[in-house]
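2 protein chains.
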Amino acid sequence: MGTCGIPGPVGDGQRSAALLREWAHRHGPTLDRARETLRTRAHWSPYPEDADGYGPGAAAAAKTALAALRGQVFHLGQPGQDGLIGPAPAEGGERSPYGPDLEIAYPHHDPDAVLGAMRRAMPRWREAGVTARAAVCVEILARINAASHEFALAAEHTSGHNPVMAFHAGAVHAQDRGLEAVAQAVEEQTRLPSSFVWRKPMPDGEDFALEKTFTLRPRGVSFLIGNSVFPTWNGYPGLFASLATGNPVLIKPHPRAVLPLALTVRTVRQVLSEAGFDPDLVCLAVERPGEELARRLAVHSDVRIVDYSGTTGFGDWLRRNATQARVFTSTSAVNSLLIESTDDYRGMLANLAFGLALYSGQLCTSPQNLLIPRDGVATDEGHKSFGRVVADLDDTLGTLLADPADAVSVLGALLSPEVLARVDKAASGALGTVAVAPRPVVHPDHPDAVVRTPAVVVLDAARPGDLATLSTEWLGPVYFAVAVDSAAAGTELLARTAREHGSLSAGAWTVSPEAQAALEEACSEAGVMLSFNLMGHWYITQSAVYSDLHGTGMNPAADAVYCDSAFVTGRFHAVGVRRHRAMS
Amino acid sequence: MGTCGIPGPVGDGQRSAALLREWAHRHGPTLDRARETLRTRAHWSPYPEDADGYGPGAAAAAKTALAALRGQVFHLGQPGQDGLIGPAPAEGGERSPYGPDLEIAYPHHDPDAVLGAMRRAMPRWREAGVTARAAVCVEILARINAASHEFALAAEHTSGHNPVMAFHAGAVHAQDRGLEAVAQAVEEQTRLPSSFVWRKPMPDGEDFALEKTFTLRPRGVSFLIGNSVFPTWNGYPGLFASLATGNPVLIKPHPRAVLPLALTVRTVRQVLSEAGFDPDLVCLAVERPGEELARRLAVHSDVRIVDYSGTTGFGDWLRRNATQARVFTSTSAVNSLLIESTDDYRGMLANLAFGLALYSGQLCTSPQNLLIPRDGVATDEGHKSFGRVVADLDDTLGTLLADPADAVSVLGALLSPEVLARVDKAASGALGTVAVAPRPVVHPDHPDAVVRTPAVVVLDAARPGDLATLSTEWLGPVYFAVAVDSAAAGTELLARTAREHGSLSAGAWTVSPEAQAALEEACSEAGVMLSFNLMGHWYITQSAVYSDLHGTGMNPAADAVYCDSAFVTGRFHAVGVRRHRAMS
């Protein structure tokens, strides 16, 4: 096998300093605009969502670039290499949910050698200061943005995203999340004056004076544990928040989704080197099958920050065991929406069907439980019974996903055998009556991909067994149409599920001011973002970077909020120095 | 026994609304100035430090007011009374460190009845909004400020403060800490817009729009565990941060220092009632001897925030067990200062002696370990040997504390038999050679008060036994003159002690730029505030509210910082609501 790596540090101090100045100048307005947008919460992004806007040859070039990785070792120039992971799946290599093995091998490193190098790299980065670090971070994001087609392809072939989802959540929106974290980090790091004179008038009329400084001190090595679903979107907030506040970052990718974070680390190391910093500030720790590296590294005394998105079980373990670190977690969510009434029945069905189909329900914000009063729903087309609503949803899904080429542009490939097992279980009738049967879809370009349309199973909130079923996260295209006694009962169930099992996004279709007020109160109390009467181009699954907060910290789904001040202030500290100044 | 209570809620809606408007108008400029000062970190306070500035009869009136409490039950009108605490010390009553029993009885309440009332009081307070809550908080602080002489007397006769310390740390500086927390709470609660329209241009040229709101949601009941040393100064940050962010606050005072917090709660409840809020938002939970109420309530499912200042042992217990709550702790500290060189030897000795004498070393910022190179110190009066420096310190302390009336105006009464036992142990020579022997001082006005001048014991950093001694907190007038090999060795020891055992304030006298640079780096790394070459009117023990940060969150002494953004952002959450808006 050959190697595909990056050059070592440039080592030309003058050139690096000039580059830093240039980046600070070039990216200053972007950063200012991002900080301003965090205040206004308006729509904005420096990273175009339209894939065609990246030049006519960009998509083809990305394909060529990723094809060139096949059969190679993805070298990053990190210290302490002691083996190889992959390329065969049995040796830890990745296989695309769309079929082929990626055939990329990754070096394995001795974690202690890597951590030692990271510690050594830290002082220079810390002393570079807020502005220089932010400039480097925004330059990294600009390079990643320029390679968005590459990142999108990597997202498709690791997480099973469809092309649009991959270009958005896998590339540009992840970049937005990163920039948002950099902007918030700059905001928080510039709140204290770095030096000032404190004068206190004394009873004798003279001023007593102290010269004071505040020094910001990063906590230490930040450990990012990637997931398989959105490794960049869920990973960039912690990566850039830690990096911008002066901490080195060690990234352990999910074994099924290494490539997106390997491409990220390659870019980060390249930019750090060009700017004259030690690239070992950011390292990748790919693990051997069964190595359980996350469990070992999360409790390492050098690790002072942990970012994790994944299962509730491991999140709880981290909070109990990684007590030497500040831990930020985003874990399982059981999201609900209530269908009470609507003045646009067709619009509601269309929006709902698209939301269920999107990426085959594999988002942490997918609305698993559809709560519908057993007496039915008032609509602009008259009263609709519970059964009628579910049947119309079936029809709407059928139309939306009738053509395989259209269907695979909305759905995603199922990212693991576990997801497929859940769909099969729902389809078997074991959970309840199957109201919408999942269908296999043959992908026109990837015949080996496992693609399924959504399954909707009917449950009844009055049955304890059904309550247990809907209270568990069923990641994937498994949805429950749940009969509830009333809108009030549905609101109560939605809030209870969020409070007890965690939730990141709740929705409702209702024209009733009373039902809206009750839902607002319940979601405020349970700490879950609520969307009313979504139509057209926006879905309950979506979180607008710079505008929406992702998570609230109030229910078990997440104690990390993208991106509030607490998400960055926990990553650094301020230390004061006071000096006596002779009276003048 | 009679009763001294407060009237019930006023219940006149119109009058309450007018009062709230008036307070918001009157206190707006104070709050704006406090917020501005948190940015500039300049000297400022709305609460005059000069006790004489509170009117000619204020001190006498305070004495009369507190005398009137003798033989009374301190009723606060809380629900669920189920017994009495005190007035005899054997029944849980307080005894002044200056001698007399306070002879005040406090009602005991069923905690569940109190928590139930607090939960019911919460919605109205939450919905009052940021401005109204802040206005009420500043009005409370204004009333407390007007009664500063009363609070100072209470601090003397519970914590053993001398009159000046009591007026400052027990009254006005505690009020400053409270206002600082309110200002920071307003700052953080006004960072998100409460409502706005988010517009995204669509490819068809139309704008897609969502109406969005953010609702701030307080976490829930806040539980404040008071200490015996500075119940108001350490208590007001948490009390006012929680109250200003919408949370009810349950206060469990230290059994030896109930009165300062009882007076506080009385004022808070009075102001809340006048403003038309349920006074049960803030309740006092006095405990029976041996009841261990803190252990029980800190893990109560209703309790969502815990503020604690006290021992490291109980702080660790809280962090491990009160996992349902956000826990803010400030625990034991082992503070050091290094004496390397000075250009004002006499000024240094005077500043140091005063810092050691102040409140008999019972501050969490008292400098326990005086690190002195064994080869001595360069000064403007020539080289001084280790022994000479210690002997000169003895002389300076002797002069400062020669006259009993002068001495008791700087020292404090020892607040517990445990403190006295530490002084006696130091005096016995069991810890090391006694270089400065502690002397009993007969208080001219309080002959029963236990007052001691500082003890200084000589230790050697090269002896493991001595290292163990200096690595423990010896709260009280017990100091160690520690021989170190060099300034560098002292710096290393200072940082190691801070890192491993916690420290809130470090100091140094040195004119060497190299030694200063090394100390700055070491203290930045260990996370401890550092003061250089203090002379005259400022001491290592002092923390200037609105200017200095108290604690860094980086070493075991404190994970709460008075008052950074994290101290308030952990007390509330933001929940978004998004509403579809028809295209226009």
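Going down the list, the protein sequences come from chains A and B.
All residue numbers for the first sequence refer to this note's numbering, where the first residue is 7 and numbers rise by one.
All residue numbers for the second sequence refer to this note's numbering, where the first residue is 7 and numbers rise by one.
Cβ coordinates follow ideal geometry from the N, Cα and C atoms, glycine included.
Chain B contact residues for residue i, given Cβ-Cβ distances below 7 Å
{"i": "A/N539", "result": "R585, H586"}
{"i": "A/S530", "result": "T221, R223, V581"}
{"i": "A/G542", "result": "F214"}
{"i": "A/R205", "result": "H49"}
Residue i to residue j span [Cα, whole Å]
{"i": "B/G11", "j": "B/P237", "result": "Low confidence applies to B/G11: its pLDDT is 38, below 50, so where it sits in the model is not reliable, and the reading given next is rough at best. In a straight line, the C-alpha of B/G11 is about 21 Å away from that of B/P237."}
{"i": "A/N375", "j": "A/W515", "result": "14 Å"}
{"i": "B/A467", "j": "B/P254", "result": "48 Å"}
{"i": "A/V440", "j": "A/D430", "result": "11 Å"}
{"i": "B/A432", "j": "B/W480", "result": "10 Å"}
{"i": "A/E42", "j": "A/G508", "result": "31 Å"}
{"i": "A/Q2", "j": "A/V305", "result": "This structure leaves residue 2 of chain A out entirely; chain A is present only between 7 and 590."}
{"i": "A/A24", "j": "A/G252", "result": "21 Å"}
{"i": "B/A4", "j": "B/V534", "result": "For residue 4 of chain B there is no data in the structure shown, the boundaries of chain B being 7 and 590."}
{"i": "B/V574", "j": "A/V574", "result": "14 Å"}
{"i": "B/A384", "j": "B/G438", "result": "26 Å"}
{"i": "B/I378", "j": "B/S492", "result": "8 Å"}
{"i": "A/A111", "j": "B/E527", "result": "42 Å"}
{"i": "B/L476", "j": "B/F360", "result": "21 Å"}
{"i": "A/A300", "j": "A/A564", "result": "19 Å"}
{"i": "B/A66", "j": "B/D107", "result": "20 Å"}
{"i": "B/R27", "j": "B/P199", "result": "22 Å"}
{"i": "A/F202", "j": "A/T219", "result": "6 Å"}
{"i": "B/T36", "j": "B/P54", "result": "13 Å"}
{"i": "B/V227", "j": "B/R130", "result": "14 Å"}
Sheet register partners of residue i (DSSP bridge)
{"i": "A/L249", "result": "In DSSP, A/L249 forms no bridge with anything."}
{"i": "B/F334", "result": "B/D313"}
{"i": "A/T439", "result": "A/V464"}
{"i": "A/L256", "result": "A/F229, A/C289"}
{"i": "B/P207", "result": "B/D213"}
{"i": "B/R585", "result": "A/F538, B/E217"}
Within 9 Å, strictly: CB atoms of residue i and residue j
{"i": "A/E298", "j": "A/P243", "result": "no"}
{"i": "B/L287", "j": "B/M541", "result": "no"}
{"i": "A/D499", "j": "A/V488", "result": "Note that residue 499 of chain A is Leu in the sequence shown, not Asp. Yes."}
{"i": "B/V271", "j": "B/L82", "result": "yes"}
{"i": "A/I91", "j": "A/R225", "result": "no"}
{"i": "B/V581", "j": "B/T137", "result": "no"}
{"i": "A/V142", "j": "A/A134", "result": "yes"}
{"i": "B/A524", "j": "B/T497", "result": "yes"}
{"i": "A/S553", "j": "A/S511", "result": "no"}
{"i": "B/K258", "j": "B/L159", "result": "no"}
{"i": "A/V425", "j": "A/V457", "result": "no"}
{"i": "B/F334", "j": "B/G576", "result": "yes"}
{"i": "B/E100", "j": "B/L364", "result": "no"}
{"i": "B/A148", "j": "B/H33", "result": "yes"}
Residue i: CB within 8 Å of a non-hydrogen atom of the ligand ADP
{"i": "A/P237", "result": "Judged by which ligands are present, the structure shown has none, so any question about the ligand ADP falls away."}
Amino acids of chain B, ordered along the chain, whose beta-carbon sits closer than 9 Å to that of residue i
{"i": "A/E498", "result": "Those within 9 Å of A/E498 in chain B number zero; the least Cβ separation is about 17 Å."}
{"i": "A/M208", "result": "G542, H543"}
Under 8 Å from the C-beta of residue i: neighbouring residues of chain B
{"i": "A/F283", "result": "By Cβ distance, chain B contributes nothing, its closest Cβ being about 20 Å from A/F283, past 8 Å."}
{"i": "A/F202", "result": "T46, R47, A48"}
{"i": "A/G533", "result": "R223, H579, V581"}
{"i": "A/M124", "result": "Those within 8 Å of A/M124 in chain B number zero; the least Cβ separation is about 16 Å."}
Contacts of residue i in chain A (Cβ-Cβ under 8 Å)
{"i": "B/K218", "result": "R47, S553, D554"}
Per-residue contacts from residue i into chain A (C-beta, under 9 Å)
{"i": "B/T558", "result": "R223, H579, A580, V581, G582"}
{"i": "B/P199", "result": "R45, T46, R47"}
{"i": "B/G576", "result": "G559, A572"}
Inspect the CB distances between the region 572-589 of chain B and the region 211-218 of chain B and report whether three or more fall short of 8 Å. Between the region 572-589 of chain B and the region 211-218 of chain B, the count of Cβ pairs shorter than 8 Å is three or higher; the stretches touch.
So, does the region 460-475 of chain A touch the region 315-323 of chain A, judging by three or more C-beta pairs under 8 Å? In this structure the region 460-475 of chain A does not lie against the region 315-323 of chain A, because fewer than three pairs of beta carbons, one per stretch, are closer than 8 Å.
I'd like to know if the region 440-451 of chain B and the region 195-215 of chain B are in contact, where contact means that at least 3 CB-CB pairs between them fall below 8 Å. By the criterion of at least three beta-carbon pairs nearer than 8 Å, the region 440-451 of chain B is not in contact with the region 195-215 of chain B.
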